[in-house]
Amino acid sequence: MIVDLKLCNRTYVGYSLDTGRNVYLKPALASQGVKGSVTNALASAFVGSLGGGKSFANNLIVYYAVLYGAQAVIVDPKAERGRWKETLPEISHEINIVTLTSDEKNKGLLDPYVIMKNPKDSESLAIDILTFLTGISSRDGERFPILRKAIRAVTNSEVRGLMKVIEELRVENTPLSTSIADHIESFTDYDFAHLLFSNGYVEQSISLEKQLNIIQVADLVLPDKETSFEEYTTMELLSVAMLIVISTFALDFIHTDRSIFKIVDLDEAWSFLQVAQGKTLSMKLVRAGRAMNAGVYFVTQNTDDLLDEKLKNNLGLKFAFRSTDLNEIKKTLAFFGVDPEDENNQKRLRDLENGQCLISDLYGRVGVIQFHPVFEELLHAFDTRPPVRKEV
44 MIVDLKLCNR TYVGYSLDTG RNVYLKPALA SQGVKGSVTN ALASAFVGSL
94 GGGKSFANNL IVYYAVLYGA QAVIVDPKAE RGRWKETLPE ISHEINIVTL
144 TSDEKNKGLL DPYVIMKNPK DSESLAIDIL TFLTGISSRD GERFPILRKA
194 IRAVTNSEVR GLMKVIEELR VENTPLSTSI ADHIESFTDY DFAHLLFSNG
244 YVEQSISLEK QLNIIQVADL VLPDKETSFE EYTTMELLSV AMLIVISTFA
294 LDFIHTDRSI FKIVDLDEAW SFLQVAQGKT LSMKLVRAGR AMNAGVYFVT
344 QNTDDLLDEK LKNNLGLKFA FRSTDLNEIK KTLAFFGVDP EDENNQKRLR
394 DLENGQCLIS DLYGRVGVIQ FHPVFEELLH AFDTRPPVRK EV
């Protein structure tokens, strides 16, 4: 199953568990058409259950890429990277941590009409968010055209914001338009929703001008992995909607200087890969990334989240950390192109220790490596485990 893996002239990240040889990575290499490579995809996948080292490895690779000149945006729904300015002092001047709270000063910062520069992009995102929240499908011949018309009217006006969509629906003054307006307005009752809804008068904006940008939203309530979309609570709907907005905002970041390698890092990616709008968005990001020299990193718990054929075929580097569920182990092995029924392969994945993973490189080779941060400071900076209370 597993061959020796030795990648030269790149950043040291660890060593092969089979040979002890050093392993080197260069995330931007895929797009350069290297002889012998089987993919030119810059997107990467990090999968595995909690506590196996998935987040640590992801953070380490992003950190090294930034040191070598890349720019990165990390969508951090669990707010695990809030202390990086203190724990990574050597690059603190290039770290920008954006923490969005429900404070009045942040009102409307995630409104599609505020966050996107291009009005057409704003309109497209407004449709995605409002259909997601209301459950109105584009195949709904009665309600969708009414919502679409109101959004278009706002796009064509001088003052734009999602609250204005509600106003346009009320101007229509039909039973259906009023019902849709009431439905949308019901979400604005939550303080948390104030980030999404503005009246069009928002002066500040989110800046992504530093080399390493981290976007956090306070009080996010993500649904459990097993929760079906139909069972999402209002807070869960709003939370996923905000992640969709932030991830779409990353498209603007991707479309900056093509000569600079960029990374869009999507932690807890499963939360929006489970919904139609999120799946569509993921492919937009990947396609834009390929054209604009940017890698989209999907960090998620299960391989199932990445099995859409279009997405799967556009993933380059793949990392899989420990899993104990046999069904998930088989899916992961198949995802890596190795025999899922081979018991030795299954045991290898099941017995991985913290920081060890299965890796598939640009040449289609599969190996097992141990991530090695070299510096103890990085081990502490990227450790996402809760602190252990010391007994007195």
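Convert by adding 43 to the 1-based position in the sequence shown; the result is the number in my numbering.
Positions of the beta carbon are idealized from the N, C-alpha and C atoms, including for glycine.
- Pairing tryptophan 313 with aspartate 348 gives a Cβ-Cβ distance under 9 Å.
- In terms of Cβ geometry, alanine 84 and tyrosine 340 do not form a close pair [threshold 9 Å].
- With fewer than 16 neighbouring CB atoms inside 10 Å of its own CB, histidine 136 falls in the exposed class.
- Excluding the 5 residues flanking it on each side, valine 141 has same chain C-beta neighbours closer than 6 Å at Ile249 and Ile258, in chain order.
- Residue burial is scored here from C-beta neighbours: histidine 237 has at least 16 other C-beta atoms within 10 angstroms and is therefore classed as buried.
- Using a Cβ distance threshold of 9 Å, isoleucine 306 and glutamine 114 count as a contacting pair.
- The DSSP-derived three-state label of tyrosine 58 is strand.
- In this structure serine 220 is not in contact with aspartate 154, their Cβ atoms being roughly 21 Å apart against a cut-off of 8 Å.
- With contacts defined as CB atoms closer than 9 Å, methionine 285 and leucine 239 qualify as a contacting pair.
- Counting only residues of its own chain and dropping the five nearest sequence neighbours on each side, methionine 335 has a CB closer than 7 Å to the CB of Ile297, His298 and Arg301.
- Between valine 197 and alanine 224, the CB-CB gap reaches or exceeds 9 Å.
- Restricting attention to Glu201, Arg365, Gly410 and Gln75, the CA atom closest to the CA of lysine 97 is found in Arg365.
- For arginine 124 and arginine 213, the gap between their C-alpha atoms comes out near 42 Å.
- Classified as buried, glycine 332 has 16 or more neighbouring CB atoms from the shown chains inside 10 Å of its CB.
- Per the DSSP secondary-structure output, tyrosine 67 pairs in a beta bridge with Tyr55.
- The residue among Ile402, Gly79, Gly95 and Leu294 with its C-alpha nearest the C-alpha of lysine 361 is Ile402.
- Comparing alpha-carbon positions, the option among Asn199, Glu201 and Ser229 lying closest to isoleucine 209 turns out to be Ser229.
- In the three-state reduction of the DSSP assignment, asparagine 370 falls in the helix class, which pools H, G and I.
- At the C-beta level, leucine 265 and valine 245 stay beyond 9 Å of one another.
- Looking at Lys163, Gly184 and Phe235, the one whose alpha-carbon comes closest to that of asparagine 149 is Phe235.
- As a beta-bridge residue in DSSP terms, glycine 410 pairs with Ile402.
- For the 9 Å CB-CB criterion, glycine 398 and serine 59 do not form a contact.
- Shown here, threonine 270 sits in coil according to DSSP, grouped into three states, outside any helix or strand.
- Shortest Cα-Cα distance from lysine 69 to any of Asp385, Thr343 and Gly359 involves Gly359.
- Across the set Ile138, Asp119 and Ile117, the C-alpha of Ile138 shows the shortest separation from the C-alpha of tryptophan 127.
- Aspartate 404 has its alpha-carbon roughly 14 Å from the corresponding atom of glutamine 75.
- Cβ-Cβ separation between valine 105 and aspartate 308: approximately 6 Å, consistent with a contact (criterion under 8 Å).
- The shortest C-alpha to C-alpha distance from leucine 376 to any of Ile179, Asn388 and Thr177 is the one to Asn388.
- Partner residues in the beta bridge of tyrosine 340, as assigned by DSSP, are Ser87 and Asp308.
- Rounded to the nearest angstrom, the Cβ distance from serine 92 to glutamine 317 is 17 Å, too far for a contact under 8 Å.
- Distance between arginine 64 and valine 77, taken at the CA atoms: about 22 Å.
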